[in-house]
Amino acid sequence: MRHRVLPHPLVALALGVVWLLLANSVAPGQIVLGLLLGWSISLFAARFWPETLRIHRPLILLRFIGIVLVDIVLANVVVAWLIIRSPARRRPVFVQVPLALRSDLAISVLANTICLTPGTVSSRLSLDRRYLLVHALDATDPDALVATIKNRYEAPLREVFEPC
Amino acid sequence: MLTSVALPVAFALVTAAFVFSIWRLLVGPDLPDRILALDTLYINAIAWLVLLGIHLASTLYFEAALLIALMGFIGTVALCKFLLRGDIIE
Amino acid sequence: MLDILLSLLILAGALFTFIGSLGLVRLPDFYMRLHAPTKATTLGVGSLLIASALYFSTHDEGVSLHEALVTMFLFITAPVSAHLLSKAALHLKLRSLAELLPDEQAARSKGDAR
Chain R
1 MRHRVLPHPL
11 VALALGVVWL
21 LLANSVAPGQ
31 IVLGLLLGWS
41 ISLFAARFWP
51 ETLRIHRPLI
61 LLRFIGIVLV
71 DIVLANVVVA
81 WLIIRSPARR
91 RPVFVQVPLA
101 LRSDLAISVL
111 ANTICLTPGT
121 VSSRLSLDRR
131 YLLVHALDAT
141 DPDALVATIK
151 NRYEAPLREV
161 FEPC
Chain D
1001 MLTSVALPVA
1011 FALVTAAFVF
1021 SIWRLLVGPD
1031 LPDRILALDT
1041 LYINAIAWLV
1051 LLGIHLASTL
1061 YFEAALLIAL
1071 MGFIGTVALC
1081 KFLLRGDIIE
Chain G
2001 MLDILLSLLI
2011 LAGALFTFIG
2021 SLGLVRLPDF
2031 YMRLHAPTKA
2041 TTLGVGSLLI
2051 ASALYFSTHD
2061 EGVSLHEALV
2071 TMFLFITAPV
2081 SAHLLSKAAL
2091 HLKLRSLAEL
2101 LPDEQAARSK
2111 GDAR
């Protein structure tokens, strides 16, 4: 029953918040309108998104977001420095990251995180979803890079989206 | 400090960024390079509009920045899809 | 005090935007050039938008938070377009200065997508 009436409660809430930001006000009328819009849009979009969004450990997710935000700033300083200094010192490399994540959403979040954080861009997901090809701007030790990605970003995401 | 130093310097830096992106757009050498340059150009345009909004103390430019962000992203995705499949609508 | 903070945010944002485009010109191959706009430029614009939110929150009446929407949107879309561009470049087999070419790795691990 819940799936029929309110298929994605978190998405509805997020859309409501987006509406409030767009309207730039927290008047009661806007809140009601935002929640109404969020509910109806998530209802109509439910057919395209059969998978339910479920967050198992909200605290770990918050910690993960904090780590990623700090890493974004640090990585940007590193990348800026790599752009400015002499070109001979950059060692670009492609690495394959074996994935333990299985759900679409978790893999997308991991790929986006990799693109934003430590001097790396995710390039291609293999057809069987077991490997993510990642390009790094400067990596002296590709194995250490893979280990960092797995421990720092994949492990928390795994706990949040798919605890087994 | 804000209006006398920071804003003119910021305008100059973002304009230089525009020039670099346009150079890459014209030089190429490959299609993904040009798409990347266009992508950078629209983000630069957002930066410029935000600076202009602060300079003129007007929130009018915010909607324009939001629309550029939306349209630019969709444009980039459509162009990449075109390169990947030779077709935009699957 | 606020003036100095705003100036610093604006200068940092503009500097990162500039460095992002500088990387677009300076870096030698496409895969490396991809890093510059996705990271530096996005953070630069994010910083400018935070400055704008601060400015309008303190100069006009009421808190102005809708800049957060553009920031969020940019931070979500920038990696997606970077991923797609990189995929397109691999599809077109652009040359790369990376030590190990992706095709060699594709041969190494079976089941890799074309």
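Chains as they are written, first to last, in the numbering used here: chain R, 1 to 164; chain D, 1001 to 1090; chain G, 2001 to 2114. All C-beta atoms, glycine included, are put in the ideal place defined by N, C-alpha and C. No experiment lies behind these values; they were computed from the predicted model shown.
If you draw a straight line from the alpha carbon of D1987/G to that of A2053/G, how long is it in whole angstroms?
-> No information on residue 1987/G is available, as it lies outside the stretch 2001 to 2114 that chain G covers here.
Rounded to a whole number of angstroms, what is the C-alpha to C-alpha distance between S122/R and P28/R?
-> Residue numbering aside, residue 122/R sits at position 122 when the first sequence is read from its first letter. Residue numbering aside, residue 28/R sits at position 28 when the first sequence is read from its first letter. When the Cα atoms are used, S122/R and P28/R turn out to be separated by approximately 42 angstroms.
For A2040/G, go through chain R and note every residue whose CB falls closer than 8 angstroms to its CB, in chain order.
-> As a working note, residue 2040/G is residue 40 in the third sequence. The answer, in chain order, is N76, V79, A80, I83.
List the endpoints of the continuous beta strand (DSSP E) containing L133/R.
-> Position 133 of the first sequence, counted from the start, is the residue given in the question as residue 133/R. Note, L133/R: beta strand (DSSP E), 131 to 136.
Just the Cα atoms here: how many angstroms apart are V70/R and L137/R?
-> Numbered from 1 along the first sequence, position 70 holds the residue referred to as residue 70/R. Numbered from 1 along the first sequence, position 137 holds the residue referred to as residue 137/R. CA-CA distance, V70/R to L137/R, rounds to 19 angstroms.
Skipping 5 residues on each side, what residues in its chain have a beta carbon closer than 7 angstroms to that of S42/R?
-> One-based indexing of the first sequence puts residue 42/R at position 42. For S42/R, the CB contacts under 7 angstroms within the same chain, skipping 5 residues up- and downstream, are P7, H8, V11, A12, L15 in chain order.
For I2019/G, which residues in chain R fall below 8 angstroms Cβ to Cβ?
-> Walking along the third sequence from the start, residue 2019/G turns up at place 19. Within chain R, A80, I83, I84 have C-beta atoms less than 8 angstroms from the C-beta of I2019/G, given in sequence order.
Neighbour list for K2093/G in chain R, Cβ cutoff strictly below 9 angstroms | In the third sequence, counting from the first residue as 1, residue 2093/G sits at position 93. Going along chain R, no residue has its Cβ under 9 angstroms from K2093/G, so there is no contact; the nearest lies around 13 angstroms.
Residue span of the beta strand (DSSP E) that contains S122/R, given as start and end = Residue numbering aside, residue 122/R sits at position 122 when the first sequence is read from its first letter. The continuous beta strand (DSSP E) containing S122/R extends over residues 120 to 125.
Using a Cβ cut-off of 9 angstroms (strictly closer), state whether I2076/G contacts chain R.
-> Numbered from its first residue, the third sequence carries residue 2076/G at position 76. Output row for I2076/G: interface = yes.
Go through its chain and collect everything with a Cβ distance to R1085/D's Cβ below 6 angstroms, but skip five positions before and after it.
-> Here residue 1085/D refers to the residue found at position 85 when the second sequence is read from its first residue. Excluding sequence neighbours, R1085/D sits near nothing in its chain.
Tell me P98/R's beta-bridge partners as DSSP assigns them.
-> The residue you call residue 98/R lines up with position 98 of the first sequence. Partner(s): Y131/R.
So what does DSSP say about G2111/G, is it helix, strand or coil?
-> Taking the third sequence and counting its residues from 1, the one referred to as residue 2111/G is at position 111. With a pLDDT of only 44 at G2111/G, under 50, the local geometry of the prediction cannot be trusted, and the value read off the model is given with reservation. Correct three-state label for G2111/G: coil.
Buried or exposed: S1058/D, going by 16 or more other Cβ atoms within 10 Å of its Cβ?
-> Taking the first residue of the second sequence as position 1, residue 1058/D is located at position 58. S1058/D sits exposed, since fewer than 16 C-beta atoms from the chains shown fall within 10 Å of its C-beta.
Please check if any C-beta of chain R sits within less than 9 angstroms of the C-beta of H2035/G.
-> Locating residue 2035/G in the third sequence gives position 35, counting from the first residue. Closer than 9 angstroms to some Cβ of chain R, the Cβ of H2035/G qualifies, so yes.
Are I55/R and V160/R close, meaning C-beta to C-beta below 9 angstroms?
-> One-based indexing of the first sequence puts residue 55/R at position 55. One-based indexing of the first sequence puts residue 160/R at position 160. Going by C-beta atoms, I55/R is nearer than 9 angstroms to V160/R.
Looking at the structure shown, is V93/R part of a helix, part of a strand, or coil, going by DSSP?
-> Locating residue 93/R in the first sequence gives position 93, where the first residue counts as 1. V93/R: strand per DSSP, three-state reduction.
Proximity winner among F1082/D, A1037/D, P1032/D, L1031/D, relative to V2025/G (alpha-carbon distances) = Position 25 of the third sequence, counting from 1, holds the residue named residue 2025/G. Residue A1037/D holds the alpha-carbon nearest to the alpha-carbon of V2025/G among F1082/D, A1037/D, P1032/D, L1031/D.
Are V1009/D and A2014/G closer than 9 angstroms when you measure CB to CB?
-> The residue labelled residue 1009/D in the question sits at position 9 within the second sequence. The residue labelled residue 2014/G in the question sits at position 14 within the third sequence. Yes. Within cutoff.
Which same chain residues, not among the five before or five after G2046/G, have their C-beta less than 6 angstroms away from its C-beta?
-> To locate residue 2046/G, count along the third sequence from 1; it is residue 46. Closer than 6 angstroms at the Cβ level, and outside the excluded window around G2046/G, lie T2071.
Closest residue to T125/R among V95/R, L145/R, P142/R (Cα-Cα distance) = Translated into the one-based positions of the first sequence, residue 125/R becomes position 125. Checking the sequence, you will find Leu at residue 125/R rather than Thr. Across the set V95/R, L145/R, P142/R, the C-alpha of V95/R shows the shortest separation from the C-alpha of L125/R.
Amino acids of chain R, ordered along the chain, whose beta-carbon sits closer than 7 angstroms to that of A2082/G | Stepping through the third sequence from its first residue, residue 2082/G is reached at position 82. Neighbours of A2082/G in chain R, taken as residues whose beta carbon is under 7 angstroms from its own, are C115, V121 in chain order.
Mind checking if Y2055/G is an interface residue toward chain R, Cβ cutoff 9 angstroms exclusive?
-> Along the third sequence, read from residue 1 onward, the residue named residue 2055/G stands at position 55. Y2055/G does not count as touching chain R.
Rounded to whole angstroms, what's the CA-CA distance from A1078/D to G2044/G? Just pull it up for me.
-> Taking the second sequence and counting its residues from 1, the one referred to as residue 1078/D is at position 78. Taking the third sequence and counting its residues from 1, the one referred to as residue 2044/G is at position 44. Cα-Cα distance, rounded: 25 angstroms.
With DSSP run on the structure shown, which of helix, strand or coil describes K150/R?
-> Locating residue 150/R in the first sequence gives position 150, where the first residue counts as 1. In the structure shown, the three-state DSSP call for K150/R is helix.
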